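Here the sequence shown is numbered in the working numbering, starting from 1 and rising by one per residue.
We treat Cβ as the ideally placed atom computed from N, Cα and C, and that holds for glycine.
All figures in this text were calculated on a predicted structure; none of them were measured in a lab.
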Amino acid sequence: MKKQNIEKQNVKNYWEDKTPQTWYSNKDLTQSPVSWFNELSYKRYNVFYEYLLDVAEFNYHSGEKVLEIGTGIGTDLVSYAKNGSIVSGVDLTENAIEMTKKHLQAFNLKAENLLVADAENLPFKDNQFDLVYCFGVLHHTPNTDKGIQEVIRVLKPGGKFIIMLYSRGWKHYFKRLFIFGLLKGYLFKYGYDKTVNKTTEVQGDSPLTYVLTKKVIKQIFQSLKTESMTIRRYRLGEFFDYAPYNSRKLPGFITKLFYFFSLEKLLGENYIIKGFKSDENNKRNFNQKHSVWQVLWDEYKNYKK
Ligand SMILES: C[S@@+](CC[C@H](N)C(=O)[O-])C[C@H]1O[C@@H](n2cnc3c(N)ncnc32)[C@H](O)[C@@H]1O
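Structure representation (structure tokens):
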């Protein structure tokens with residue numbers, strides 16, 4: 001993967017200043033933390049990331065040790081904790097960890113570990129967690145490969161990972177490259193990498209955002225010991241621009257048509273990567289594919305027995 005030469009400190013400064021999702025509400029956090037966080041969660045799961053309730057498996061990991069890398073304001077970590085997971089979280093910024101603490105406190109929940117830490121160098125021993133969850137984070141860190149290696153390192157053998165990375169959906173080509181890149185001249189002024197950095201985030205001007213292809217993701221995972229991995233696209237980018245309280249959404253019939261023709265799988269802007277760390281003592285290969293003839297022949301042999 002072609003890397004950009006950006007200092008981690010720049011990434012930290014950017015996110016320290018722009019804690020994600022806080023603009024989902026215009027209520028006052030200090031007056032009623034519960035209703036503020038509730039509004040943020042509602043918007044996350046019912047407006048902006050409807051697919052997450054299903055994909056993040058919040059209610060399937062009770063009693064398990066779950067690590068979230070890049071907690072932001074902690075909405076997803078709190079959802080795991082509400083469902084009985086033993087949660088730990090890290091984020092590069094002090095602000096995000098403070099917010100996540102407040103979020104847990106508001107619902108009388110506790111984390112085992114909640115630390116300011118770098119995804120590329122996690123402060124945990126090998127083989128610790130049943131689930132590592134990381135949503136929209138590792139494409140912002142200079143060495144995405146190292147971040148993914150760390151996910152696998154801290155997972156127990158047989159443990160599960162759920163990772164979201166940006167993919168090149170239709171909006172990448174239309175909004176970022178055509179409108180901003182060509183029509184507004186960003187590509188000529190800044191080149192490809194900076195054009196993408198400048199146009200990916202709601203608040204704009206991200207110091208670093210990799211928008212990946214499936215091929216590159218497969219290459220990153222190639223040398224890691226994983227099983228039953230799937231890479232699927234989600235989120236059609238119907239929010240063409242979702243600046244705070246000024247969201248511009250495509251007309252409903254267009255979105256419906258997109259979904260009707262299953263275009264999300266082709267044009268979605270998020271890759272959800274799921275799989276397990278290999279466990280030599282307990283192989284699970286849910287996704288292994290066989291030829292039609294193999295399936296029929298095996299059935300025939302079993303039937304004859
Ligand atoms: C787009 S936000 C996503 C936050 C949260 N997961 C969510 O979905 O709202 C990116 C987050 O990743 C964090 N981050 C970026 N690079 C990181 C790194 N190397 N280690 C840990 N956290 C990082 C940022 O501080 C920020 O909170």
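Note the first and the last residue of the continuous alpha helix (DSSP H) segment covering residue i.
i, result
"Y186", "186 to 200"
"I254", "252 to 260"
"V137", "It is not in any alpha helix (DSSP H) - V137 carries neither H nor E in the DSSP assignment."
"L208", "Taken as a continuous stretch (DSSP letters only), L208 belongs to no alpha helix (DSSP H), as it is neither H nor E."
"E39", "33 to 43"
"E57", "Run containing E57: none; DSSP gives neither H nor E here."
"V295", "292 to 304"
"H103", "94 to 106"
"K12", "8 to 17"
Taking DSSP's pairing of strands, which residues face residue i in a bridge?
i, result
"S88", "L67, N113"
"G268", "Answer is none; G268 lacks a bridge partner."
"G72", "Answer is none; G72 lacks a bridge partner."
"K274", "I162, T230"
"L155", "F129"
"S223", "According to DSSP, S223 bridges with nothing at all."
"S167", "L212"
Ordered along the chain, which non-local residues of its own chain (more than five positions away) have a Cβ less than 6 Å from that of residue i?
i, result
"T199", "R176, F180"
"K65", "I86, F129, D130"
"D91", "G70, T71, I97"
"K274", "I162, T230"
"K110", "none"
Quick one: residues in its chain with C-beta nearer than 8 Å to the C-beta of residue i, no 5 flanking neighbours on either side, listed in chain order?
i, result
"Y49", "R235"
Residues in its own chain within less than 7 Å of residue i by CB, not counting five upstream and five downstream?
i, result
"T22", "I73"
"Q309", "This structure gives no information on residue 309, because the portion of the chain shown stretches from 1 to 305."
Taking residue i and residue j to be in contact with their CB atoms under 8 Å, please state how far apart those CB atoms are, rounded to whole angstroms.
i, j, result
"N270", "Y166", "7 Å"
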